[in-house]
Structures are given as C-alpha cells and as structure tokens.
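This report refers to the structure that appears directly beneath it.
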Amino acid sequence: MTPVSDRPTPRRVDIVLDIICAHSYIGYTRFARAARRFRDEGGEVEVRFHPYQLDPDASPAGEPLLAALERKFGGGVRAETARVAAHAAHDGLVLDYEHAVHTTTLEAHRHLVLAAGQGRAEELAERLFRAYFTDAVNIGDPAVLARLADETGVKTGDDPTEGADEVRAGLERVRRGNIRAVPVFLFENGPTFTGAQSEEAYLAALRTTV
C-alpha cells in the first residue's frame, strides 16, 4: 500500500510580470510576503513566472529611464514617477527613477527560466527588481546578469541561449492570452488579480485556493 502523504497540496500561482514594471515590483513584493506568511503557517506555494515585455524594442545597451519614459509618454512623467516611488516606499521599496537604466528584459526573463529549473526563481526575481529599480544597474548587460545569478545561487552554464526558446514561447502564450497589462496573478482554482493588490488579498487567495 502506498503511504498517504500528510503534506499539503502546493498552491500553484502563475505570475505574469516584467522586471522593468514598477507595479510588478510592488505587487510581487507584497505577494512574496504573503507567500512567506502562508508557508510559515504550513502551506506550500508553487510559483511559476511568465514573461512579459513592456518595451520589446528596448536596447540592451540601456539608456536613462526617465528619458525613455519622457519620449514615450511626454510631459508629466516626473510627477507620475514621484507618485509611484512614494507609493512603493510604503512597502519599503526604493525606486531610483533618476538613475535607473531602461533596457531590454529578454535576457532577464531567460535567467528566470534557468532559475526556475533550479528552484531559485523567486529569489532571482526579487534580486532583478532590486537591481533595476534600487541599484540602478543595466539588467540587459550579460555581466550584470551573471553577477546577480551568482548572488542568488543560480548556475547559468555555458550556453548563452539556454532558456531562450522557453521565453519566446512564454511571450507568445501571453500574447495569445490577450494580457495587455502586468502584473497578473493567477491562483489555481482561485482568483485572478491584475495589478498590484494588498498583501492581505494575496494571503487570502492562498488560504482559500483549493
């Protein structure tokens, strides 16, 4: 007879996000705190990340974030970024828009695929967000990504294309799913949230998902 495990069934949560999205950073931070509380209660969470690109044409060379935002959205950008930064500060996050480097996130998403295969995607996601918004480094730079991967215990291997097919397939699935804004949190057999929700909302969703 096969023994019956008393371990709880993991709550699967699919998260669609982009590393250069401030609301993704805020939402993920709150979710991660909720997930930590849920795990402390004895629950298990299986997190799966899905890529999204706010600016698929961004250059890996990088440019000042405020310049990129002003070119795309025009006047009022500084006031809006100040508002978002103040909002993020309530969650203990520092968004350094003055020095942040706008860049492509394709390689960052590829590294998240590698991290997922090693069970370290949650750690790397947090580190990528912090590197982009707080440390103001170019996360499109392979050397920067290699350092961040090393910091979080992610082995990148010798193949610079490993995981790229998965990223492209993921972007296509998101496109077909008609997702036009991030973050999106899909709780298996539970609610779907678009946009950053409160920590308590995420925790309630984890507790009620069957």
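Residue numbers (this note's numbering): 1445 to 1654. Cβ atoms here follow ideal geometry from the backbone N, Cα and C, with glycine treated the same way.
Item, Value
"Environment of THR1596 [buried if 16+ CB atoms lie within 10 Å]", "buried"
"Secondary structure, alpha helix (DSSP H): runs of 4+ residues fully inside the region 1447-1497", "1466-1484"
"ALA1533 to HIS1543 span [Cα, whole Å]", "17 Å"
"Coil, strand or helix - HIS1543 by DSSP", "coil"
"For LEU1572: DSSP bridge partner residues", "Partner(s): none; LEU1572 has no beta bridge."
"Proximity winner among ILE1459, THR1547, TYR1496, relative to ARG1474 (alpha-carbon distances)", "ILE1459"
"Burial state of PRO1586 (16 or more Cβ within 10 Å)", "exposed"
"N-terminal and C-terminal residue of the beta strand (DSSP E) that THR1636 is part of", "1636-1638"
"C-beta atoms of GLU1566 and ARG1456 nearer than 8 Å", "no"
"Nearest-angstrom beta carbon gap, PHE1482 and LEU1630 [assumed within contact, 8 Å]", "Not quite, the Cβ-Cβ distance comes to about 16 Å (not below 8 Å), so this is no contact."
"Every unbroken alpha helix (DSSP H) within the region 1601-1648, with a cutoff of 4 residues, ordered by chain", "1608-1620"
"Check whether GLY1519 and GLU1551 have beta carbons under 8 Å apart", "no"
"Top-ranked residue by Cα proximity to GLY1440, from VAL1598, VAL1628, PHE1517, ASP1540", "Outside the displayed span of the chain (1445 to 1654) sits residue 1440, for which this structure offers no information."
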